[in-house]
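For the sequence shown, counting from 1, position 197 maps to 197 in the UniProt record's numbering; every step adds exactly one.
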Amino acid sequence: MSEPRDPRYGADPQLTQPLPPVYGRPAHDPWASGAEQDARAGHGATQGGGQGAGPYAGAWQGAGDPAAQHPWGSGAGSGAGGRRERRRFSGGSLVTGMVLAALVGAGAAVGTDALLDGGGAAPAAGGSTSSSVIVNDQDEVNAVTAAAVKASPSVVTISASGGGQNGSGSGVIIDDEGHILTNTHVVTLDGTTSSPSLEVQLDDGRVLPAEVVGTDPLSDLAVLKVDAQGLTPATLGSLDDVNVGDTAIAIGAPLGLAGTVTDGIVSTLNRTITVASSAAPSTPSEGDGEGEEQGGGNDFFFNFPDEDGGSGGRTQGSSPSVFLNVIQTDAAINPGNSGGPLIDTDGEVIGINVAIASAGSGTEAGNIGVGFSIPVDTAQRVAVEIINNGRATHGYLGTSVSAAPGADGRSRAFSDGAAVEQVVPGSPADEAGLEVGDVITEFDGHRIQDASSLTAAVRELPAGGTGAMTFVRDGEERTADVTVGDAEEQQ
């Protein structure tokens with residue numbers, strides 16, 4: 001299977017990187033009824049460490065939070081309101097040529113001790129439901145403050161060490177049994193270790209050892225577990241309640257600055273990004289028969305912090321790729337926010353921060369208002385599978401496709417669909433009746449513009465899941481329901 005022939009075709013490719021899977025023993029019946037609580041700001045120490053080898057070089061990472069459908073309760077509405085909406089609450093109501101950077105290193109590469117001992121608000125001590133968010137004037141509390149106060153008790157900072165590297169990131173408590181959702185690249189220190197030593201600092205200041213329940217490189221998500229009482233699980237929302245223009249709030253530890261709250265808007269939904277990952281298994285994408293779609297005309301970099309706090313960007317053109325559909329936001333997200341939550345004005349988690357685009361590489365890289373977050377629905381599904389089964393599954397279609405030029409084939413700059421070049425005999429695509437020459441334009445509710453967007457949409461489904469597919473054959477639009485296979489079985 002060949003990747004799109006012309007890198008100009010297709011949506012803006014963005015890159016996110018998953019790491020080697022470290023599957024642990026899943027917990028049984030992970031979520032009781034305590035899942036409907038808030039996400040909270042983490043307080044983790046940044047640790048200086050050397051650059052790791054491979055595409056994830058850089059010792060700082062962040063954790064993420066999932067949204068489980070049954071276990072974590074249903075999250076209600078999204079934050080309404082446009083850009084930086086400021087609702088007032090009375091006291092007591094607190095309730096391109098771009099570079100894509102993984103939000104690794106929640107404690108970006110600035111010295112750990114400096115960040116830990118430096119200024120900044122200390123986490124609130126005492127009750128597990130208290131928040132570290134400082135509110136001096138409770139008579140003038142805006143929507144962002146109220147949401148941060150509600151969510152911050154569920155946000156943690158994760159410190160990881162192994163293979164001579166140290167790093168920190170962000171994470172989200174997802175149940176009262178101690179499960180925490182984060183990014184794979186945080187747990188594995190950008191792929192430098194499969195047996196990390198992990199500590200988690202809660203928002204109330206407690207520091208606890210953590211173990212890996214499982215990692216999922218294809219989604220760059222991982223689940224950790226701590227043994228503690230009095231935890232505050234996050235309240236998980238739903239992408240169905242999120243609109244472009246809604247207020248979006250990021251909580252985490254950018255550059256090691258734990259408990260940082262930033263806000264912006266949801267810039268767009270269903271953005272497809274491509275992330276190079278040395279940890280990604282050789283599962284075939286829908287655009288490449290080798291299972292490793294390499295960086296094309298637009299190579300991207302991860303914004304890896306170096307020992308001095310700078311960003312050591314690395315090209316991702318030579319590694320296998322991970323394909324994700326994400327929320328794009330202009331809320332300030334930086335290295336160290338990895339794995340932390342993106343929330344709405346109700347304080348509900350709508351996404352797990354995973355990557356950013358940057359205008360430069362090396363020390364010039366940084367936030368430019370283009371950040372990416374894994375939708376909570378996807379994170380929830382993956383986390384549930386990891387906890388119940390020790391691993392998550394991803395769909396497989398069985399086609400080789402390339403970007404179909406837009407404007408009825410006349411455009412050389414824009415694509416509009418995935419043109420089928422090959423159908424694997426006996427594959428889900430074959431059983432659905434796809435033929436060479438067909439152009440897939442929609443899959444499971446996602447508009448398809450190229451091979452990357454098709455792969456992301458297919459892998460978003462679990463193995464055995466069914467998605468509605470729209471395709472064009474000889475100028476006629478057709479539909480078919482496809483039951484996808486298991487991508488991992490194709491290795």
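Positions of the beta carbon are idealized from the N, C-alpha and C atoms, including for glycine.
Indicate whether residue i and residue j have their beta-carbon atoms separated by less than 7 Å.
{"i": "Ala248", "j": "Ala331", "result": "yes"}
{"i": "Ala404", "j": "Ser415", "result": "yes"}
{"i": "Ser152", "j": "Asp203", "result": "yes"}
{"i": "Leu231", "j": "Ile173", "result": "yes"}
{"i": "Ala222", "j": "Ser154", "result": "no"}
{"i": "Glu488", "j": "Thr378", "result": "no"}
{"i": "Ala359", "j": "Val370", "result": "no"}
{"i": "Pro462", "j": "Thr393", "result": "yes"}
{"i": "Gly395", "j": "Gly465", "result": "yes"}
{"i": "residue 499", "j": "Ile352", "result": "The chain is shown only over 1 to 491; residue 499 falls outside these bounds and no answer can be derived."}
{"i": "Val186", "j": "Ala210", "result": "no"}
{"i": "Thr182", "j": "Gly171", "result": "yes"}
{"i": "Ala480", "j": "Ile448", "result": "no"}
{"i": "Asn337", "j": "Gly252", "result": "yes"}
{"i": "Leu397", "j": "Val420", "result": "no"}
How big is the Cα-Cα spacing for residue i and residue j?
{"i": "Thr96", "j": "Glu177", "result": "Any reading at Thr96 must be qualified, since the residue scores a pLDDT of 35, below 50, and its modelled position is unreliable; the value itself is stated next. Roughly 44 Å separates the two Cα atoms."}
{"i": "Gln229", "j": "Ser159", "result": "20 Å"}
{"i": "Val244", "j": "Ala250", "result": "16 Å"}
{"i": "Val401", "j": "Asp450", "result": "8 Å"}
{"i": "Thr345", "j": "Ala146", "result": "8 Å"}
{"i": "Ala355", "j": "Phe372", "result": "5 Å"}
{"i": "Gly339", "j": "Leu224", "result": "12 Å"}
{"i": "Val135", "j": "Val141", "result": "8 Å"}
{"i": "Gly164", "j": "Asp190", "result": "12 Å"}
{"i": "Gly169", "j": "Arg478", "result": "45 Å"}
{"i": "Asp241", "j": "Asn270", "result": "14 Å"}
{"i": "Thr192", "j": "Gly162", "result": "8 Å"}
{"i": "Ser194", "j": "Thr188", "result": "6 Å"}
{"i": "Leu239", "j": "His179", "result": "22 Å"}
{"i": "Gly347", "j": "Lys150", "result": "6 Å"}
{"i": "Val144", "j": "Pro196", "result": "35 Å"}
{"i": "Asp486", "j": "Arg206", "result": "40 Å"}
{"i": "Pro254", "j": "Leu208", "result": "21 Å"}
{"i": "His70", "j": "Ile387", "result": "With a pLDDT of only 33 at His70, under the threshold of 50, the placement of this residue in the model should not be trusted, and no figure is reported."}
{"i": "residue 492", "j": "Ala468", "result": "With the chain covering 1 to 491 only, the question about residue 492 has no answer from this structure."}
{"i": "Arg473", "j": "Val484", "result": "21 Å"}
{"i": "Arg391", "j": "Pro341", "result": "22 Å"}
{"i": "Asn367", "j": "Gln201", "result": "25 Å"}
{"i": "Phe443", "j": "Ala413", "result": "23 Å"}
{"i": "Val110", "j": "Glu385", "result": "Low local confidence applies: a pLDDT of 29 at Val110 is under 50, so the model's placement there is unreliable, and no value is given."}
{"i": "Gly256", "j": "Gln490", "result": "39 Å"}
Quick one, which of the options has its alpha-carbon nearest residue i's?
{"i": "Pro375", "options": "Leu208, Asp220 and Arg473", "result": "Asp220"}
{"i": "Thr432", "options": "Gly398, Ile448, Ala413 and Val482", "result": "In the sequence under discussion, the amino acid at residue 432 is Ala, which differs from the Thr named in the question. Comparing Cα-Cα distances from Ala432 to each of Gly398, Ile448, Ala413 and Val482, the minimum goes to Val482."}
{"i": "Val275", "options": "Ser452, Asp137 and Gly340", "result": "Ser452"}
{"i": "Pro335", "options": "Ala258, Tyr396, Gly398 and His394", "result": "Ala258"}
{"i": "Thr470", "options": "Pro462, Asp486, Gln490 and Gly445", "result": "Gly445"}
{"i": "Val266", "options": "Asp430, Gln328 and Leu255", "result": "Gln328"}
{"i": "Glu476", "options": "Ile387, Arg391, Asp408 and Arg381", "result": "Asp408"}
{"i": "Val133", "options": "Ala383, Ala143 and Ala148", "result": "Ala148"}
{"i": "Val156", "options": "Ser131, Gln422, Pro196 and Phe443", "result": "Ser131"}
{"i": "Asn166", "options": "Glu421, Asp137, Glu199 and Ala413", "result": "Glu199"}
{"i": "Asp246", "options": "Ile343, Leu255, Ser197 and Leu208", "result": "Ile343"}
{"i": "Asp175", "options": "Gln490, Gln380, Asp430 and Gln138", "result": "Gln380"}
{"i": "Val212", "options": "Thr268, Ala383 and Gln422", "result": "Ala383"}
7 Å is my cut-off, CB to CB: does residue i come that close to chain C?
{"i": "Val423", "result": "Of the protein chains in the structure, only one exists, and it is not chain C."}
Whether or not the segment 415 to 427 and the segment 210 to 220 are in contact is what I'm after, with contact meaning three or more pairs of Cβ atoms, one per stretch, closer than 8 Å; do they touch?
no
I'd like the ranges of any beta strand (DSSP E) spanning at least 3 consecutive residues and lying wholly in the UniProt domain "PDZ" (383 to 452).
For the UniProt domain "PDZ" (383 to 452), the continuous beta strand (DSSP E) assignments of 3+ residues that do not extend past its boundaries occur at 399 to 405, 415 to 423 and 439 to 443, in sequence order.
Quick check: the segment 446 to 465 against the segment 320 to 329, are at least 3 beta-carbon pairs closer than 8 Å?
yes
Do the segment 435 to 449 and the segment 253 to 267 make contact, defined as three or more Cβ pairs closer than 8 Å?
no
Going residue by residue through the segment 446 to 490, where are the continuous alpha helix (DSSP H) segments of at least 4 residues, counting only ones entirely within it?
Listed in chain order, the complete alpha helix (DSSP H) runs (minimum 4 residues) inside the segment 446 to 490 are 451 to 460.
Whole beta strand (DSSP E) runs in the segment 223 to 253 with 3 or more residues, listed along the chain?
247 to 252
Suppose only complete runs of 4+ residues qualify. What are the alpha helix (DSSP H) ranges in the segment 199 to 225, listed by chain order?
none
Within the segment 315 to 361, note down every full beta strand (DSSP E) run reaching 3 residues or more, in order along the chain.
Within the segment 315 to 361, the complete beta strand (DSSP E) runs of at least 3 residues are 321 to 329, 341 to 343 and 349 to 358.
Output the residue ranges of the alpha helix (DSSP H) runs that lie fully inside the segment 120 to 183 and measure 4 residues or longer, sorted by chain position.
143 to 151
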